[in-house]
């Protein structure tokens with residue numbers, strides 16, 4: 003049997019039906035505290051079918067995780083109007099989930115498979131060059147190697163700085179309960195929430211969507227998502243009483259896992275703030291929904307509720323010392339056509355949230371210019387106007403529509419297109435990044451749950467890769483993805499640039515970035531080749547090394 007193998011970077015996507023064209027990568031470098039990834043791809047010659055096992059020999063073995071790269075189907079890999087900067091456009095199998103190596107890895111003749119090697123560099127690891135030796139054997143025959151490879155990782159004598167970027171991916175508690183088949187806020191659900199929070203924090207998320215009320219996100223008109231309201235609400239003849247014990251538990255758990263900021267869920271429906279979100283109260287011992295799609299946003303009943311709810315929520319957050327960690331939303335993605343309804347909603351809550359941070363995703367600078375959103379989050383293909391006007395505390399986001407020129411993370415896109423974002427965030431001093439899809443495992447408009455291993459595009463609504471970063475795994479554990487780990491690398495590039503800036507100047511850094519990119523770096527113009535981007539990161543490390551030695 004002939005076994006073809008190839009050491010590759012994390013920026014290559016190994017499809018089963020073609021030999022990966024990426025450059026062989028046998029060495030790299032990293033800072034202390036960094037997570038470094040590379041791949042080892044295999045393909046037996048035709049006719050072979052073999053169960054194999056992997057062994058690692060390395061001084062770094064205590065920090066190494068091995069994953070097999072799974073393939074998932076995509077019926078909608080790209081929109082018809084998506085640009086040409088995609089690996090493929092046809093429906094088919096795309097590499098994405100990373101399954102922990104817990105048993106034999108099957109190789110099939112004529113098909114390429116990939117092993118993902120994730121190396122966590124300890125913050126106290128001595129500087130030096132460390133070998134990572136990989137040995138592939140037939141299952142049950144550990145002493146008979148089929149193939150071997152060695153990667154050499156240099157660890158620099160410098161620590162990756164803490165992440166300053168605020169990063170949120172909308173964390174859907176209801177999807178966790180539904181897909182893992184446990185009751186909402188049961189003890190099993192709390193354990194699963196904790197497992198996913200560990201994953202989120204490990205890979206760069208430090209802000210958590212916090213459903214004080216059930217979030218009115220991607221929910222069809224007249225439909226409801228499962229209730230995940232964290233605040234207990236009782237209605238009496240004298241008004242409302244609020245219980246915050248479940249919210250406190252949620253925040254305590256998040257802080258324990260490493261979350262730093264809380265994103266209070268939207269107080270009005272998406273795309274216009276026309277209605278109230280779903281609100282469940284207990285009245286006369288019976289729980290029932292009292293507000294929702296049938297409640298106008300400015301109805302006297304909902305306004306009266308908010309005038310009791312928000313002061314009580316603020317009081318709780320202040321008492322817990324957490325109000326300064328919180329950001330509040332009114333309604334997601336308003337447009338100029340929705341100005342009147344959004345303004346009415348803003349006018350209702352603004353006096354109640356005075357002194358609090360408010361932010362919303364939007365795309366039109368003219369909307370921000372009217373003073374309706376203190377902290378705007380424009381999409382990365384609409385950010386230029388905000389940059390030209392020097393908008394302070396600027397965030398950005400992308401989702402399904404950002405498929406022309408700009409960075410994104412669809413399965414059909416090259417991984418380099420995702421990783422460049424860290425350089426862009428650094429150059430333009432972006433304060434935060436938002437994405438709506440950490441684990442949206444429903445169809446579009448939340449009509450029903452989907453199997454994310456089978457339906458990767460929310461039923462042909464969004465290009466595969468938009469709706470979620472993680473998959474549900476066994477035992478209530480998340481299964482990460484290529485896209486999640488590459489996005490972390492993007493954030494690590496940003497932090498490495500910040501470290502280098504501390505050794506030079508901001509002006510020198512921006513000038514150097516434009517030179518190394520070959521032109522001024524923007525959100526639309528950037529290096530697109532994986533090798534070039536990897537070499538750019540190596541140049542950061544080389545400059546750090548030079549300054550440490552000088």
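Residue numbers (our numbering): 3 to 552.
The beta-carbon is built from N, C-alpha and C at its ideal position, and this holds for glycine as well.
Own chain, CB closer than 6 Å to residue 45, minus 5 neighbours either side, in chain order | 6 and 114, listed in sequence order.
Any chance you could list the alpha helix (DSSP H) runs of at least 4 consecutive residues sitting entirely within the stretch 410–494, in chain order?
-> Fully enclosed alpha helix (DSSP H) runs of 4 or longer: 417–421 and 423–429.
Less than 7 Å separating the beta-carbons of residue 416 and residue 78?
-> One thing to note: residue 416 has its Cβ no nearer than 7 Å to the Cβ of residue 78.
Cβ pair residue 26, residue 116 closer than 7 Å = With respect to residue 116, residue 26 sits apart: the two C-beta atoms are not nearer than 7 Å.
Beta-ladder partner(s) of residue 96, from DSSP | The secondary-structure analysis by DSSP pairs residue 96 across a beta bridge with 74.
Near residue 527, what residues of its chain come up, given a Cβ to Cβ distance below 7 Å and the 5 sequence neighbours on each side ignored?
-> Only 521 meet the Cβ criterion.
What does a CB cutoff of less than 7 Å around residue 193 pick up in its chain, not counting 5 residues either side in sequence?
-> So the list reads 478, once near-sequence residues are dropped.
Buried/exposed call for residue 20, threshold 16 Cβ in 10 Å | Classified as exposed, residue 20 has fewer than 16 neighbouring CB atoms from the shown chains inside 10 Å of its CB.
Check whether residue 496 and residue 428 have beta carbons under 7 Å apart | Against a cut-off of 7 Å, the Cβ pair of residue 428 and residue 496 comes out as a contact.
Roughly how many whole angstroms lie between the Cα atoms of residue 121 and residue 206?
-> So the two alpha carbons sit approximately 16 Å from each other.
Express the C-alpha separation of residue 365 and residue 278 in angstroms, rounding to a whole number.
-> Straight-line Cα distance between these residues: approximately 23 Å.
Would you say the stretch 356–364 touches the stretch 480–497, given that touching needs at least three Cβ pairs under 8 Å?
-> Verdict: no, contact absent.
Give the DSSP bridge partners of residue 8, in chain order.
-> For residue 8, which the question treats as bridged, DSSP gives the partners 43.
On the three-state DSSP scale, how would you describe residue 330?
-> Reduced to three states, the DSSP call for residue 330 is strand.
With residue 209 as the anchor, note down where its beta strand (DSSP E) starts and where it stops.
-> Going by DSSP, residue 209 is part of the beta strand (DSSP E) stretching over 209–212.
In chain order, what residues of the same chain lie with their CB nearer than 8 Å to the CB of residue 41, ignoring the 5 residues before and after it?
-> Excluding positions up to five away in sequence, the list reads 9, 10, 11, 12, 14, 16, 71, 116, 117, 118 and 119.
Does any heavy atom of the ligand GTP sit closer than 6 Å to the C-beta of residue 266?
-> Among the components modelled here there is no ligand, and therefore nothing to report on the ligand GTP.
Residues in its own chain within less than 6 Å of residue 147 by CB, not counting five upstream and five downstream?
-> Within its own chain, the residues whose Cβ lies closer than 6 Å to the Cβ of residue 147, once the five positions on either side in sequence are excluded, are 137 and 139, listed in chain order.
Nearest to residue 299 by alpha carbon, out of 202, 422, 351 and 319?
-> The option with the nearest alpha carbon to residue 299 is 351.
With 16 as the cutoff for other CB atoms within 10 Å, does residue 261 come out buried or exposed?
-> When all chains shown are included, residue 261 counts as buried.
Under a three-way DSSP split, which group does residue 182 fall into?
-> Looking at residue 182 - three-state DSSP - the assignment turns out to be helix.
On the three-state DSSP scale, how would you describe residue 239?
-> Secondary structure of residue 239 (DSSP, three-state): coil.
The beta strand (DSSP E) enclosing residue 89, as first and last residue numbers = Bounds of any beta strand (DSSP E) do not take in residue 89, whose DSSP letter is neither H nor E.
At a cut of 8 Å, does the stretch 401–416 reach the stretch 502–521 through at least three beta carbon pairs?
-> At 8 Å Cβ cutoff, the stretches do not touch.
Cut-off 6 Å between Cβ atoms - residues of its own chain near residue 154, not counting five sequence neighbours on either side = Only 29, 131 and 133 meet the Cβ criterion.
Note down the Cα distance separating residue 435 from residue 218, rounded to an integer number of angstroms.
-> Rounded to the nearest angstrom, the two C-alpha atoms are 20 Å apart.
Have a look at residue 544 and residue 337 and give me their C-alpha separation to the nearest angstrom.
-> Their backbone Cα atoms lie some 45 Å apart in a straight line.
Distance between residue 88 and residue 68 (C-alpha atoms, nearest Å) = When the Cα atoms are used, residue 68 and residue 88 turn out to be separated by approximately 27 Å.
In three-state DSSP terms, what is residue 162?
-> When DSSP states are grouped into helix, strand and coil, residue 162 belongs to the coil group.
Take residue 1 as the anchor and find which of 176, 518, 312 and 204 has the nearest alpha-carbon.
-> It is not possible to answer for residue 1, since the shown part of the chain is limited to 3 through 552.
Looking at the unbroken alpha helix (DSSP H) that takes in residue 314, where does it start and where does it end?
-> Run containing residue 314: 302–321, per the alpha helix (DSSP H) assignment.
Count the other C-beta atoms from every protein chain shown that fall within 10 angstroms of the C-beta of residue 104, then say buried if there are 16 or more, exposed otherwise.
-> Taking all protein chains shown into account, residue 104 has fewer than 16 neighbouring C-beta atoms within 10 Å of its C-beta and is therefore exposed.
Quick one: does residue 309 have its CB under 7 Å from some CB of chain B?
-> Chain labels in this structure do not include chain B; a single protein chain is all it has.
Span of the alpha helix (DSSP H), counted from its first residue to its last, around residue 533 | Secondary structure note for residue 533: its alpha helix (DSSP H) is the uninterrupted segment 532–551.
Can you name the residues that DSSP bridges to residue 398?
-> Paired residue(s): 435.
Would you say residue 382 and residue 370 are within 7 Å of each other, going by their C-beta atoms?
-> Residue 382 is not a Cβ neighbour of residue 370, given a cutoff of 7 Å.
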